[in-house]
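The block underneath contains the structure these notes are about, expressed in structure tokens.
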Amino acid sequence: MNINETVKALLPLLGDRENIVSAAHCATRLRLVLADDSLVQKSAIEKLDGVKGCFSNAGQLQVIFGTGLVNKVYAEFIKVADINEASKSEAADAAARKLNPFQRIARLLSNIFVPIIPAIVASGLLMGLLGMVKTYGCANGKAALQMPPRCPSAVPKSSWISPPPLFLNWAVH
1 MNINETVKAL
11 LPLLGDRENI
21 VSAAHCATRL
31 RLVLADDSLV
41 QKSAIEKLDG
51 VKGCFSNAGQ
61 LQVIFGTGLV
71 NKVYAEFIKV
81 ADINEASKSE
91 AADAAARKLN
101 PFQRIARLLS
111 NIFVPIIPAI
121 VASGLLMGLL
131 GMVKTYGCAN
141 GKAALQMPPR
151 CPSAVPKSSW
161 ISPPPLFLNW
171 AVH
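With UniProt numbering, the residue at position 107 of the sequence shown is 107, and numbering never jumps.
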């Protein structure tokens, strides 16, 4: 595969240099933010040598080249298209400006809740484990969570800024 020829063939299928707002790449894909997506000829792009697929997602056109090859294609693409290199986050920011208000709200919500999914899953697993321990009689009938006793002479109650830690009561019969 001749990378230079592939890049030169790719550029007019994207609507030429003027249509490219930003270009970046990840491990397998060339990620392009374009000014006008209607100028893209996806079926012709997919027929190019070395291209394994092409699709639009979240305001970006993503051309799949595969691991290792995309780095070489990106370097040549930057030279031929005469554009500045952009990081993946810069390309994502440029693509976000193209989204409609509903898509922006959905993206905002996903950016908020996706990072806390592991904590939600872990708390669900712990609740299930605690329920199983109680069901099969491995714990006594007292509360599963208990506060440790305070030493009233050491610190007055009014000076507590945060609540004291909770400890699991794993008293086994």
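A virtual CB, placed ideally from N, CA and C, is assigned to each residue, including glycine.
For residue i, the three-state DSSP class (helix, strand or coil)
| i | result |
| --- | --- |
| F102 | helix |
| V40 | coil |
| V114 | helix |
| A95 | helix |
| M1 | coil |
| G128 | helix |
Own chain partners of residue i with C-beta closer than 7 angstroms, once the 5 adjacent residues on each side are dropped
| i | result |
| --- | --- |
| A35 | N19 and V21 |
| K52 | I64, F65 and G66 |
| E46 | G53 and C54 |
Presumed contact (8 angstroms Cβ cut-off) between residue i and residue j, rounded CB distance
| i | j | result |
| --- | --- | --- |
| I83 | A23 | 6 angstroms |
| V33 | G59 | 7 angstroms |
| L48 | L10 | 6 angstroms |
Whether residue i touches residue j by CB criterion (7 angstroms)
| i | j | result |
| --- | --- | --- |
| L69 | A44 | no |
| I3 | E85 | no |
| S72 | C54 | Correcting the residue type first, residue 72 is Lys in the shown sequence and not Ser. No. |
| L30 | Y74 | yes |
Inset, instruction - Note down, one range per segment and in chain order, each beta strand (DSSP E) of at least 3 residues found wholly within the UniProt domain "PTS EIIB type-1" (4–87). - result: 20–25, 29–34, 53–57 and 60–64
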